[in-house]
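Chemist:
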Amino acid sequence: MSGTATARIRLRSAADGANRWVVLVVLCLSLLLVALDSTVLHVAVPAVTEDLRPSAVGLLWIVDAYPLVCASLLILFGTLGDRVGRRRVLLLGYALFGVASAVAAMADSPGVLVVARALLGVGGAMIMPATLSILRQVFPDRRERAVAIGVWTAVAAVGAATGPVIGGFLVEHFWWGSVFLINVPLMALILPVGRLLLPESRGSHDGPWDVLGALTAAAGVLGVVLGVKRAGTGEVLSAATLVPLLIGALLLIVFVRRQKRRTHPLIDIGLFTRPAFSTAVGCIVLAMLALVGLELIAVQYLQLVLGLSPLETGLRLLPLTFAAMAAGATGSYTLRRVGPRRMVGWGFVLTAVSVLILTAMGQHDRPALLTAAFVALGFGLQTTLFGAYESMLSEAPADRAGGAAAIGETSYQLGAGMGIALLGSVMNAAYAPGLSALSDAGVPAAARAAAAHSLGEAYQVADRLGGPLGAVLRSTARHSFITGLHVTLLVSAALLLVGALAALRLPRAMDCPSPVPDEPGRAGADEAREQRTAHEAPAPGRAQRPLPHPARRPAEATGSGRAAH
């Protein structure tokens, strides 16, 4: 064995054992970039619209392509990682993410940008489930895992919340493509670091990978989300909405039935019969729906109504970031004290209260009110996400961590995509009728129709009209936007309260079985041993964890995995 390979094994062995917190740092850096990319474009939307001149549907595709593609492929790549190695899939995701970021930065047309965003979604789908399943692997003790998940979810929230800050700074000082270009050097750095430090692991599934099932799941998720996205444009009963929605739902039904029949399924559907697991998944969807949908609308309000610059907009959202960091830092302690049920439920209630506070927003700036609402919003949502993720991951057996991680990340991205589509649909439905009064003011029908698409487009139409008609159009559109904003906030608060009721199905207390001694350190030793001898049997007398399946010893139970070939 070469000296370089030996050094790499030692580094990964150390990271997998005593220095598993180093592994957490690498995983969190990966997640930070993926989460940041889900929101960094939001403040750049006006600049992209001005430069590339996309249609209203094209602009939705530019914003939605990333979360929708990512959501549809998470099960595929999450389960593929169980077969070929999670570290291997993760490193490939790093490389693709960097290349796609460079393409997006240099896009000169809406079509190229949509394709680049879709490729970013593919890279994100390779990265996200791998980070969570590796975290499950290197932290077998639930107490330590709760701390790690607290850091992990805090980083996700920080990435999503700081995206507008970083994006605002870059758009203001450079050009909109720079919000993607920053990913390239970061991925170039994290790729070799991850290759050296991250442990390899695979699932315990002995059967073949169900390629047809993975593609069916991907097509089903994509169809459902496409239908919801089309509904977000106001075409609720059109064929473009109903056809993909029905096809997607049918494919998901076929996927579930196929998994029930197979000896070696991609996803253990039986996990959803566990109330804690299914409830946690639903809570993740609702929390992300609120976070991403409300954030996009808030950015539009801050820029288009209050007239703040992109950088000022990002800075206004910083309280949300700091509150999320505080919730993540205290999440493990809170979970032990109050239990999953009250933690997730009261997190939803706090978030709903913050959303109701935001209904006091109007055409004039109220910075103190916005700051208080954003602090409550960030703390409440982060508390909810922490409790839901921890419950979901701990409820799944260790040998099914890859599938559970894919389900959790699908819920995360599905919630984000549905938040933009659903709350955007509510916003459009409440905004457009307010412009009907413009006919009495003499505004041409074509101008009214164009202004009804969005507030940004209404401003462009008003600038072209100029004079008194332009002023009337601008004022009416702004007032109608505020009305739509209030309706959207009320709908969001209602959904959050539904989440609080659903959280009643979660366990009352956090169950912490006694950890097996020396478990983490053994993982690194197994990795080095398997690199030396692929077929060497485990040393006799070694302490082992209780097995979920007596006939075999899952790789994730010790975190060793199988050596990559």
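Numbering follows this note's numbering, with no gaps: position 129 of the sequence shown is 129. C-beta: ideal position from N, C-alpha, C; glycine also. Just so it is clear, the structure is predicted and the values come from calculations on it, not from any experiment.
Where does Asn-428 fall in DSSP's three states?
Modeler: Position 428 of the sequence shown, counting from 1, holds the residue named residue 428. Reduced to three states, the DSSP call for Asn-428 is helix.
Chemist: Near Ala-571, what residues of its chain come up, given a Cβ to Cβ distance below 6 Å and the 5 sequence neighbours on each side ignored?
Modeler: The shown model of the chain, from 1 to 565, leaves out residue 571, and the question about it has no answer.
Chemist: Would you call Ser-411 buried or exposed, if buried means 16 or more other Cβ atoms sit within 10 Å of its Cβ?
Modeler: Residue 411 sits at position 411 when you count from the first residue of the sequence shown. With 16 or more Cβ atoms within 10 Å of its Cβ, Ser-411 is classed as buried.
Chemist: For the candidate residues Val-179, Glu-295, Val-165, whose alpha-carbon lies nearest to that of Met-106?
Modeler: By 1-based counting over the sequence shown, the position of residue 106 is 106. With distances taken between Cα atoms, Met-106 lies closest to Val-179.
Chemist: Short check: CB of Val-281 to CB of Ile-407, under 8 Å?
Modeler: For this step, residue 281 is matched to residue 281 along the sequence shown. For this step, residue 407 is matched to residue 407 along the sequence shown. Result yes, Cβ atoms of Val-281 and Ile-407 sit closer than 8 Å.
Chemist: DSSP three-state call for Trp-346: helix, strand or coil?
Modeler: Sequence index remark: in the sequence shown, residue 346 carries index 346 (1-based). Correct three-state label for Trp-346: helix.
Chemist: List the endpoints of the continuous alpha helix (DSSP H) containing Leu-304.
Modeler: As a position in the sequence shown, residue 304 is number 304, starting the count at 1. Taken as a continuous stretch (DSSP letters only), Leu-304 belongs to no alpha helix (DSSP H), as it is neither H nor E.
Chemist: Would you report the Cα separation of Thr-263 and Ala-156, rounded to the nearest angstrom?
Modeler: Working through the sequence shown from its first residue, we reach residue 263 at position 263. Working through the sequence shown from its first residue, we reach residue 156 at position 156. Roughly 35 Å between the two C-alpha positions.
Chemist: From what residue to what residue does the alpha helix (DSSP H) around Phe-579 run?
Modeler: Residue coverage of the chain in this structure runs from 1 to 565, which leaves residue 579 outside it and unanswerable.
Chemist: Which one of Ala-446, Met-187, Leu-237 has the shortest CA to CA distance from Val-34?
Modeler: As a first step, residue 34 is located in the sequence shown; it is residue number 34 there, counting from the start. Ranking the options by Cα distance to Val-34, first place goes to Met-187.
Chemist: Would you mind stating whether Gln-303 and Thr-153 have Cβ atoms separated by less than 8 Å?
Modeler: In the sequence shown, counting from the first residue as 1, residue 303 sits at position 303. In the sequence shown, counting from the first residue as 1, residue 153 sits at position 153. The answer is no: Cβ separation not under 8 Å.
Chemist: Quick one: what does DSSP say Thr-153 is sitting in, helix, strand or coil?
Modeler: Translated into positions along the sequence shown, residue 153 becomes position 153. Residue state, collapsed to three classes: helix.
Chemist: Quick check for students: name the residue ranges of the alpha helix (DSSP H) that lie wholly in the region 67-144, counting only runs of 4 or more.
Modeler: Listed in chain order, the complete alpha helix (DSSP H) runs (minimum 4 residues) inside the region 67-144 are 86-105, 110-138.
Chemist: Mapping the DSSP letters down to three states, classify Gln-382 as helix, strand or coil.
Modeler: Your numbering for residue 382 matches position 382 in the sequence shown. DSSP places Gln-382 in helix when its eight states are reduced to three.
Chemist: Answer yes or no: do Val-426 and Ala-447 have a C-beta to C-beta separation smaller than 8 Å?
Modeler: Taking the first residue of the sequence shown as position 1, residue 426 is located at position 426. Taking the first residue of the sequence shown as position 1, residue 447 is located at position 447. Their beta carbons are not under 8 Å apart, which means Val-426 does not touch Ala-447 by this criterion.
Chemist: Along the alpha helix (DSSP H) that carries Ser-178, what are the first and last residues, could you check?
Modeler: The residue you call residue 178 lines up with position 178 of the sequence shown. It spans 178-181 - the alpha helix (DSSP H) in which Ser-178 sits, taken as one unbroken run.
Chemist: Which residue marks the beginning of the alpha helix (DSSP H) containing Pro-244, and which one marks its end?
Modeler: Mapped onto the sequence shown, residue 244 falls at position 244. Start and end: 239-261.
Chemist: So, for Pro-507: in the same chain, excluding its five sequence neighbours on each side, which residues have a beta-carbon less than 6 Å away from its beta-carbon?
Modeler: Sequence index remark: in the sequence shown, residue 507 carries index 507 (1-based). Contacts found: Ala-276, Pro-340.
Chemist: Which whole-angstrom value is the C-beta distance of Gly-227 and Thr-241, which I expect to be below 8 Å?
Modeler: For this step, residue 227 is matched to residue 227 along the sequence shown. For this step, residue 241 is matched to residue 241 along the sequence shown. The pair is a contact, with the Cβ atoms about 5 Å apart (cut-off 8 Å).
Chemist: Rounded to whole angstroms, what's the CA-CA distance from Arg-20 to Val-184? Just pull it up for me.
Modeler: What you label residue 20 is simply residue 20 of the sequence shown in a count that begins at 1. What you label residue 184 is simply residue 184 of the sequence shown in a count that begins at 1. Distance between the alpha carbons of Arg-20 and Val-184: 26 Å.
Chemist: Does the region 119-138 come close enough to the region 85-101 that 3 or more CB-CB pairs lie under 8 Å?
Modeler: Cβ pair count under 8 Å is three or more, so yes.
Chemist: Can you name, in chain order, every residue of its own chain whose Cβ lies under 6 Å from the Cβ of Val-25, other than the five neighbours on each side?
Modeler: Sequence index remark: in the sequence shown, residue 25 carries index 25 (1-based). Closer than 6 Å at the Cβ level, and outside the excluded window around Val-25, lies no residue.
Chemist: Roughly how many whole angstroms lie between the Cα atoms of Gly-434 and Leu-251?
Modeler: On the sequence shown, residue 434 is found 434 positions in, with the first residue counted as 1. On the sequence shown, residue 251 is found 251 positions in, with the first residue counted as 1. Their backbone Cα atoms lie some 39 Å apart in a straight line.
Chemist: Pull up the CB-CB distance for Ser-492 and Val-355, whole angstroms please, since I reckon it's below 8 Å.
Modeler: Taking the sequence shown and counting its residues from 1, the one referred to as residue 492 is at position 492. Taking the sequence shown and counting its residues from 1, the one referred to as residue 355 is at position 355. The pair is a contact, with the Cβ atoms about 5 Å apart (cut-off 8 Å).
Chemist: Report the residue ranges of all alpha helix (DSSP H) runs contained in full by the region 282-338; include only those spanning at least 4 residues, in chain order.
Modeler: Fully enclosed alpha helix (DSSP H) runs of 4 or longer: 310-316.
Chemist: In terms of residues, what are the limits of the alpha helix (DSSP H) holding Val-40?
Modeler: As a working mapping, residue 40 is identified with position 40 in the sequence shown. Careful: Val-40 lies outside any alpha helix (DSSP H) and carries neither H nor E.
Chemist: With 16 as the cutoff for other CB atoms within 10 Å, does Phe-97 come out buried or exposed?
Modeler: One-based indexing of the sequence shown puts residue 97 at position 97. Label assigned to Phe-97: buried.
Chemist: For a test of the three-state rule: what should DSSP assign to Gln-363, helix, strand or coil?
Modeler: For the purposes of this step, residue 363 is taken as the residue at position 363 of the sequence shown. DSSP places Gln-363 in coil when its eight states are reduced to three.
Chemist: Check for me: the alpha helix (DSSP H) holding Gly-467 runs from which residue to which?
Modeler: As a first step, residue 467 is located in the sequence shown; it is residue number 467 there, counting from the start. Unbroken alpha helix (DSSP H) run through Gly-467: 467-502.
Chemist: To which residues of the same chain is Gln-363 closer than 8 Å at the C-beta, ignoring the five residues directly before and after it?
Modeler: For the purposes of this step, residue 363 is identified with residue 363 of the sequence shown, where counting begins at 1. Excluding sequence neighbours, Gln-363 sits near Val-305, Arg-478, His-479, Ile-482.
Chemist: Does Val-285 pass the burial test, meaning 16 or more other C-beta atoms within 10 Å, or should it be called exposed?
Modeler: Mapped onto the sequence shown, residue 285 falls at position 285. Flag for Val-285 reads buried.
Chemist: By the DSSP assignment, the alpha helix (DSSP H) with Ala-450 in it spans what residues?
Modeler: The residue labelled residue 450 in the question sits at position 450 within the sequence shown. Run containing Ala-450: 445-451, per the alpha helix (DSSP H) assignment.
Chemist: Could you tell me how far apart the beta carbons of Val-254 and Ile-269 are, in whole angstroms, since I believe they sit closer than 8 Å?
Modeler: On the sequence shown, position 254 is the one that residue 254 refers to. On the sequence shown, position 269 is the one that residue 269 refers to. That belief does not hold up - the Cβ atoms of Val-254 and Ile-269 are roughly 13 Å apart, past 8 Å.
Chemist: Would you call the CB atoms of Val-40 and Val-138 closer than 8 Å?
Modeler: In the sequence shown, counting from the first residue as 1, residue 40 sits at position 40. In the sequence shown, counting from the first residue as 1, residue 138 sits at position 138. Taking 8 Å as the Cβ cut-off, Val-40 and Val-138 do not qualify as a contacting pair.
Chemist: With DSSP run on the structure shown, which of helix, strand or coil describes Ala-441?
Modeler: Position 441 of the sequence shown, counted from the start, is the residue given in the question as residue 441. Residue state, collapsed to three classes: coil.
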